[in-house]
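Using this note's numbering, you'd call the opening residue of the sequence shown number 3 and step up by one each time. Even for Gly, the Cβ is constructed at its ideal location relative to N, Cα and C. Please read all numbers here as calculations on a predicted model, not as lab measurements. To start, the structure under review is shown below, and the notes come after it.
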Amino acid sequence: MRLDKFLKNSRIIKRRTVAKDACEQGRVEVNGKPAKPGLELKVDDIIKVTFGTNELTVRVIALIDSCKKDDAEKMYEIIN
3 MRLDKFLKNS RIIKRRTVAK DACEQGRVEV NGKPAKPGLE LKVDDIIKVT
53 FGTNELTVRV IALIDSCKKD DAEKMYEIIN
């Protein structure tokens, strides 16, 4: 699954275009490296997203193409 789609489906970022812009601006890292929106994610990848002064680090648990709001949190585990 593409990184921008994962961020949207998991509800970490509300819209896919916003997720794409965040990736292009260098605010998203996967496994410690700056990531492009089209990067293919795998289970156990570590994603770090910077929101202004806050950072969110999560581990990918599942890649679900279409999920309901209640299932979105099952796609990742918050590390810190």
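Enumerate, from N- to C-terminal direction, the unbroken alpha helix (DSSP H) stretches of 4 or more residues contained entirely within the stretch 7 to 34. 18 to 26
Count the other CB atoms, across all protein chains shown, that sit within 10 Å of the CB of Asn11; report buried if there are 16 or more and exposed otherwise. Sequence index remark: in the sequence shown, residue 11 carries index 9 (1-based). Its Cβ being crowded by 16 or more others within 10 Å, Asn11 is buried.
Burial state of Ala64, where buried means 16 or more other Cβ atoms lie within 10 Å: Within the sequence shown, the letter at position 62 stands for residue 64. With fewer than 16 Cβ atoms within 10 Å of its Cβ, Ala64 is classed as exposed.
At which residues does the beta strand (DSSP E) containing Lys50 begin and terminate? On the sequence shown, position 48 is the one that residue 50 refers to. Its beta strand (DSSP E) spans residues 48 to 53.
Rounded C-beta distance between Arg61 and Ile48? I'm assuming under 8 Å. Residue mapping note: residue 61 aligns to position 59 of the sequence shown, counting from 1. Residue mapping note: residue 48 aligns to position 46 of the sequence shown, counting from 1. Right, their Cβ atoms sit about 6 Å apart.
Please name the residue or residues paired with Ile80 in a DSSP beta bridge. If you number the sequence shown from 1, residue 80 lands on position 78. BP columns for Ile80 point to Val60.
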